[in-house]
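Down below is the structure, laid out as structure tokens.
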Amino acid sequence: MASIEMRNIVKKYGDGFPAVNDISLDIADGEFMILVGPSGCGKSTLLRMIVGLEDITSGDMVIGGDRVNDKAPRERNLSMVFQNYALYPHMSVYENIAFPLRLAKTPDDKVDRLVKEAADVLELHEHLERKPANLSGGQRQRVAMGRAIVRQAEAFLFDEPLSNLDAKLRGQMRTEIARLQRRLGITTVYVTHDQTEAMTLGDRVCVLRKGSIQQVASPRELYEQPVNLFVAGFIGSPPMNFLPATVEGNRLQTPFGPIELDERRAAAVAGRDLLLVGIRPEYFEDASLVDDAKKPLGSTFTARVDVTEWLGDQQYAYIPYEAPEKIRTHLQELSRELDSEELRTQAIVSIDATSRIREGRDAEFWLDSRKVHVFDPETGENLTRDAEAGAALTQMANEDREEQVAEAAGGLTGERSSGAA
Amino acid sequence: MRYLFRPPATEAAALLDLPWDRPLAEWDPALLLDVPQRGISRHVVRFVATEGRVYALKEIAEPLARREYALLGEFEAEGLPSVSVLGICVDRPGDQEAILVTRYLEYSMSYRHLFSSPRSQHSTSQLLDTQVVLLVRLHLAGVFWGDCSLSNTLFRPDGDGLTAYLVDAETAERRPELSARMREHDVELARERVGAELMDLQFGGLLAPDIDPLEVADALPERYAALWDAVTREEVFQLEEQRYRVAERLQWINDLGFDAGEVELVHTPEGARLRVQTRVAEPGHNRRALFRLTGLEVQENQARRLLNDLRSYRAWLEQKDGRPVPESVAGHRWIAEVYLPVVDAIPPHLAGRLAPAQVFHEVLEHRWFLSEEAGVDVGTTAALRSYLDHELPKTPADMTTPSVLAAPPG
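Each protein sequence line maps, in turn, to chains W and X.
Letter by letter, the first sequence follows residues -13 to 407 in this note's numbering.
Letter by letter, the second sequence follows residues 444 to 853 in this note's numbering.
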């Protein structure tokens, strides 16, 4: 297993357009790294440069300490998981996992050991002698993973592996992949355009935009301390709401009334003109359901609700607001870039499922002002980002991961030695 | 729901009544055609027949369906050997996947049949070459297949050989030009898949005992490299040799089953440097000539054979009548007096096992074989009778092309 280091990687095509522009990224040995971004952000190109399918225009690709720029894909010993989903009907599950080894003329005893180890990790042990036709959807996918495992690769690579599965299987597979990666502790790079997948799978997530890295951080850091409008708008579903705001001392004036800022954030925005304030849907609540002790930590405002959406365990209300032309243009550009539906000048707010707020009526809402971020609409920069708090979140994620990998390694060694005995 | 299809698609209209709102797996079997001998697919695939034509329907995620639809359309327009796409159905209720509709490739065979059938006169080596030709053709056109396997290929008998067609472009990608690494990777994927597919046949007891899957798989990259080199290599030779060297090279490219496009010859101090741009389209010279003369649409090798027969028939007519016979007249008379009597003689219970032009080709072969044995020309009538009695029935009934199966009896 190996670390993957990228130093100032550039990929230019014939027309000189940089599809990947000066990317430096370190992926630790055993880490699960997600590359995410809208189409055209360069994530797949970057993955293909790791695999060796795309030539690197400039920069260094270092895998396990070796510069591999000039190595052919097969010399890099990486495994593209799910590049072959096909299950061969006459072959047992065992042989369906073993065939890459058979083709490489691996001795039988080694095949047997590797297949059985993989079957242990994947909990396919009882099914090894069966034909694939008798397997469930999830088990079939695990067989395909087994093929990747027996290759004993330095790292696993996934290129949008779930995009052609139906929603149910996609959820199952996400869990399978995460579990497998933890158990094997193998360096993994996973490309997706789906931010939900990115948030649920990775140790760290690298958000890309137009060939450049925007932010590399744990899912929680991305969510709570995004560096800019792009990351803030890309991560989270439903997306963060962006409202126009002007500064008045320690306060932001917004279409939803004044929002009080703490000293640190007030200082960060002092002297600015027109700004965007970013508020996640869950920072709102039906004011009548907010605890009195909590109320002073935010502000209360009244607004007319356009639509409510009740989903059983949660509820959303849609509140239109007015925004100056300039802000509307910025938001339109942003949504185009994010490949998202148009960010309309309407806030999506999450309210308790028991709330009786009704459509077409005025209602009183509460907004948790402790967690809002303020952005410069021109540069997109998050003016109120707390880098230290962000780093602490990513540090926490790292510690969790190390603990899990250590646990998994312990468990696995146990199984391996018992299998060998 | 929304249907997208390419004109001329009057045929699509006949498909509109199908229950597109239902999952393909739940369609009434009465609507479907049972097509045996298919490869392995991870999607739900069904076949339907309307108005004498057969279609393959595949359920896949919408973005993939749209991409495959666009790519297959491009391939067809450029004459790449691929299945022909009719259209897609998207926005199906309940968030169902899209359905991609392709026209069934009539008279085609899957590798399962070719490798396991005792009748198959095609050697493993020939099959592998056919597959490699397809891959080289795609690579010349800048297509990365990503899933080159026997399951994703259909084979059509064409004269003495076979032609391979791409039937699944789900993972395919188009580039202005493919890098050597992309090609190498594609070949490596193909090696692994072909090996696994043959191993699978072996486990099922369906593979001829003299075929070793590993050996076949390992031969694929070598053959690919040799063919790629042959059709793309730049050559440098002495100026005085250039005339015959150019002719030789072009003949060689033709012999490999490719047509030369543009030929570039540059005189340099070291000699003449020859670069030949190989056309990606299936070769079609004979096919077009036969179509012009007879209106018959057949494959290239079949066309070559039929044209030869037509030409000798014309010579015979001229000799008999003692005056020149125009090509077009000979064409009409050959169709009526030679070709149709042979293909019309195929009894209904044997119809559809091989394309009519292939039957004609095989009858000519058979005639040659019988004549060799007898030491005297046995004539077409006797050869035809013997062929229909003894040879054609060896092609199993499950090879019958679906459109003939679907046709009402009589």
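Think of the CB as a built atom: it goes at the ideal place given N, C-alpha and C, for glycine as much as any other residue.
Here the structure is a predicted model, which is why all the values come from computation and not from measurement.
Residue-level contact to chain X via CB, residue i, 8 Å cutoff
| i | result |
| --- | --- |
| Ala58 of chain W | yes |
| Gly0 of chain W | yes |
| Ala72 of chain W | yes |
| Met77 of chain W | yes |
| Arg88 of chain W | yes |
| Leu38 of chain W | For the sequence presented, residue 38 of chain W should be read as Gly rather than Leu. Judged by the 8 Å Cβ criterion, Gly38 of chain W is in contact with chain X. |
| Gln138 of chain W | no |
| Glu409 of chain W | Here chain W has residues from -13 to 407 only, and residue 409 of chain W is not among them. |
| Gln69 of chain W | yes |
| Asp325 of chain W | no |
| Phe85 of chain W | yes |
Secondary structure of residue i, DSSP reduced to three states
| i | result |
| --- | --- |
| Asn70 of chain W | coil |
| Arg322 of chain W | helix |
| Ala5 of chain W | strand |
| Ser568 of chain X | helix |
| Arg489 of chain X | strand |
| Ser525 of chain X | strand |
| Gln694 of chain X | helix |
| Ser404 of chain W | Low per-residue confidence applies at Ser404 of chain W: pLDDT is 39, beneath 50, and the placement is therefore not dependable enough to give any value. |
| Tyr307 of chain W | coil |
| Thr399 of chain W | Note on Thr399 of chain W: pLDDT 45, under 50, position unreliable in the model; the coordinate value appears next. Helix, per DSSP. |
| Met444 of chain X | coil |
| Met(-13) of chain W | coil |
| Tyr(-1) of chain W | coil |
| Asn595 of chain X | coil |
| Arg356 of chain W | helix |
| Gly589 of chain X | coil |
| Val533 of chain X | strand |
| Val391 of chain W | helix |
8 Å Cβ cutoff, residue i in contact with chain W
| i | result |
| --- | --- |
| Trp463 of chain X | no |
| His833 of chain X | no |
| Pro652 of chain X | no |
| His628 of chain X | yes |
| Leu609 of chain X | no |
| Leu727 of chain X | Checking the sequence shown, residue 727 of chain X turns out to be Gly, not Leu. No, no contact with chain W. |
| Met625 of chain X | yes |
| Ala612 of chain X | no |
| Glu713 of chain X | no |
| Leu657 of chain X | yes |
| Val647 of chain X | In the sequence as presented, Val is not what sits at residue 647 of chain X; that position holds Gly. By this cut-off, Gly647 of chain X is an interface position. |
| Glu665 of chain X | no |
Closest by C-alpha distance to residue i, when choosing among the options
| i | options | result |
| --- | --- | --- |
| Val786 of chain X | X:Glu678, X:Leu657 and X:Val802 | X:Val802 |
| Glu640 of chain X | X:Asn595, X:Ser829, X:Ala615 and X:Leu749 | X:Asn595 |
| Ser274 of chain W | W:Asn227, W:Ser341, W:Gly188 and W:His113 | W:Ser341 |
| Ser559 of chain X | X:Arg810, X:Lys763, X:Gly648 and X:Leu797 | X:Gly648 |
| Lys(-2) of chain W | W:Val6, W:Asn384 and W:Val293 | W:Val6 |
| Phe598 of chain X | X:Leu807, X:Ala798, X:Arg828 and X:Pro836 | X:Ala798 |
| Lys501 of chain X | X:Leu476, X:Phe518, X:Ile531 and X:Asn729 | X:Ile531 |
| Ser285 of chain W | W:His359, W:Asn368, W:Ala231 and W:Pro244 | W:Pro244 |
| Glu350 of chain W | W:Glu(-9), W:Val276 and W:Thr232 | W:Val276 |
| Gly0 of chain W | X:Ser525, X:Asp590, X:Ser566 and X:Arg618 | X:Arg618 |
| Leu459 of chain X | X:Val487, X:His486 and X:Val491 | X:Val491 |
- Message: For the pair the stretch 258 to 274 of chain W and the stretch 329 to 347 of chain W, tell me if three or more CB-CB distances fall below 8 Å.
- Response: yes
- Decide if the stretch 155 to 163 of chain W is in contact with the stretch 109 to 121 of chain W; the criterion is three or more beta carbon pairs, one per stretch, under 8 Å apart. no
- Between the stretch 61 to 73 of chain W and the stretch 104 to 111 of chain W, are three or more C-beta pairs nearer than 8 Å? Counting Cβ pairs under 8 Å, fewer than three are found: no touch.
- Sufficient close CB pairs (3 or more, under 8 Å) joining the stretch 75 to 84 of chain W to the stretch 49 to 58 of chain W: no
- Task: May I ask you to list, following chain order, the residues of the stretch 482 to 515 of chain X that have a beta carbon less than 8 Å from some beta carbon of chain W?
- Result: Considering only beta carbons, the part of the stretch 482 to 515 of chain X lying closer than 8 Å to chain W consists of Ile483, Arg485, Ile503, Ala504, Pro506 and Leu507, in chain order.
- Query: Counting Cβ pairs, one atom from each stretch, are 3 or more of them under 8 Å apart for the stretch 707 to 715 of chain X and the stretch 495 to 514 of chain X?
  - Reply: no
- Item | Members of the stretch 88 to 115 of chain W near chain X, C-beta cut-off 9 Å | Arg88, Leu89 and Lys91
- Task: Anything in the stretch 634 to 645 of chain X with a Cβ closer than 9 Å to a Cβ of chain W? List those residues in chain order, please.
- Result: Arg634, Glu635, Arg636, Gly638, Ala639, Glu640, Met642, Asp643, Leu644 and Gln645
- Message: Does the contact criterion of 3 or more C-beta pairs under 8 Å hold for the stretch 211 to 222 of chain W versus the stretch 311 to 331 of chain W?
- Response: In short, these stretches touch, since the Cβ pair count reaches three.
- Using 8 Å as the threshold, is the stretch 841 to 850 of chain X in touch with the stretch 493 to 500 of chain X, meaning 3 or more CB pairs across them? yes
- Message: For the pair the stretch 220 to 231 of chain W and the stretch 176 to 188 of chain W, tell me if three or more CB-CB distances fall below 8 Å.
- Response: Touching, per the Cβ criterion.
- Below 9 Å between beta carbons is the criterion; list the residues of the stretch 571 to 595 of chain X that meet it against any residue of chain W, in chain order. Phe587, Gly589, Asp590, Ser592 and Ser594
- Please confirm if the stretch 544 to 560 of chain X is in contact with the stretch 649 to 659 of chain X, defined as three or more CB-CB distances below 8 Å between the two stretches. Remark: three or more beta-carbon pairs, one from each stretch, lie closer than 8 Å, so the stretch 544 to 560 of chain X and the stretch 649 to 659 of chain X are flagged as touching.
- With contact counted as at least three CB pairs below 8 Å, one residue from each stretch, are the stretch 773 to 784 of chain X and the stretch 832 to 839 of chain X in contact? no
- Query: Would you say the stretch 299 to 312 of chain W touches the stretch 192 to 202 of chain W, given that touching needs at least three Cβ pairs under 8 Å?
  - Reply: no
- Message: I'd like to know if the stretch 230 to 237 of chain W and the stretch 340 to 356 of chain W are in contact, where contact means that at least 3 CB-CB pairs between them fall below 8 Å.
- Response: no
- Message: Closer than 8 Å is the cut-off here; do at least three beta carbon pairs connect the stretch 692 to 705 of chain X with the stretch 719 to 733 of chain X?
- Response: yes
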